[in-house]
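Q:
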Amino acid sequence: MLEPEEAGTLLVLALLQDEKQKRRKPSRRKVWVHPLLQNRETGAFSQLYPQLLSHEDKFFNYFRMSRSSFEELHALIQHRIHKEDTIMRQAIPTQERLAITLRLHAVEIWITFACHFPPSFTPFNFIAILLTPHVPYRGTNTNFFNEVFHIETCNGNSFHSELS
Numbered sequence: 246m247l248e249p250e251e252a253g254t255l256l257v258l259a260l261l262q263d264e265k266q267k268r269r270k271p272s273r274r275k276v277w278v279h280p281l282l283q284n285r286e287t288g289a290f291s292q293l294y295p296q297l298l299s300h301e302d303k304f305f306n307y308f309r310m311s312r313s314s315f316e317e318l319h320a321l322i323q324h325r326i327h328k329e330d331t332i333m334r335q336a337i338p339t340q341e342r343l344a345i346t347l348r349l350h351a352v353e354i355w356i357t358f359a360c361h362f363p364p365s366f367t368p369f370n371f372i373a374i375l376l377t378p379h380v381p382y383r384g385t386n387t388n389f390f391n392e393v394f395h396i397e398t399c400n401g402n403s404f405h406s407e408l409s
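Our numbering numbers the first residue of the sequence shown as 246 and each following residue consecutively.
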């Protein structure tokens, strides 16, 4: 059995330890994916993409390529950009990953993506960086997509012919 002095000392140490724990700053990440961003059904891709599919001209304006070109490009790279779901969260689908990258390279600013696509800001950096090498590109050869893949983009002939 503890002496009263020892018990008092242990009690004081326990109280000090408890106060120290309370004063510690909470960890920066309280949740893996913020609840606001968890529901993918409310994001731009799940809301806007189905509507864009039925309006070819709007699809082209948004992604700077036709729907058939998007689907062809997706078919070319989907096996390289596919990620598996984990216990912590679902993977971003390959079509959404491609849409994020194309939209980013088309017009958007990095920070606005956090509002448009629910995964959160950080994955966009990685998606664009990891996905971009898989998208066929040959520097300033603007006819490359059209010649090799028959894909017309803002780098292709159709866009430039509309401007001239």
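Where is the CB? At the ideal position from N, CA and C, for every residue including glycine. In this text, all values refer to a predicted model and were calculated from it rather than measured experimentally.
What number of angstroms, rounded off, separates the C-alpha of Leu347 from the C-alpha of Ala336?
A: If I take the Cα positions, the gap works out to 18 Å.
Q: Near His319, what residues of its chain come up, given a Cβ to Cβ distance below 7 Å and the 5 sequence neighbours on each side ignored?
A: If we look at His319 and ignore the five residues flanking it on each side, its Cβ neighbours are Thr339, Gln340, Leu343.
Q: Roughly how many whole angstroms lie between the Cα atoms of Arg269 and Asp263?
A: Those two C-alpha atoms are separated by around 10 Å.
Q: Just to confirm before moving on: does the CB-CB distance between Phe304 and Leu297 stay below 7 Å?
A: A contact, by the Cβ cut-off of 7 Å.
Q: List the endpoints of the continuous alpha helix (DSSP H) containing Ser299.
A: It is not in any alpha helix (DSSP H) - Ser299 carries neither H nor E in the DSSP assignment.
Q: Buried or exposed for Leu260, please, with buried defined as at least 16 other CB atoms from any protein chain shown within 10 angstroms of its CB.
A: Classification for Leu260: exposed.
Q: Taking all protein chains shown into account, do 16 or more other C-beta atoms lie within 10 angstroms of the C-beta of Arg309, making it buried, or fewer, making it exposed?
A: The residue is buried, with at least 16 neighbouring Cβ atoms inside 10 Å.
Q: Using the three-state DSSP reduction, which class does Pro338 fall into: helix, strand or coil?
A: Reduced to three states, the DSSP call for Pro338 is coil.
Q: Going by beta-carbon coordinates alone, are Val278 and Arg312 separated by less than 7 Å?
A: No. Outside cutoff.
Q: Cα separation between Leu321 and Phe290?
A: Each residue's alpha carbon lies about 20 Å from the other.
Q: With 16 other CB atoms within 10 Å as the buried threshold, where does Ser314 fall?
A: Label assigned to Ser314: buried.
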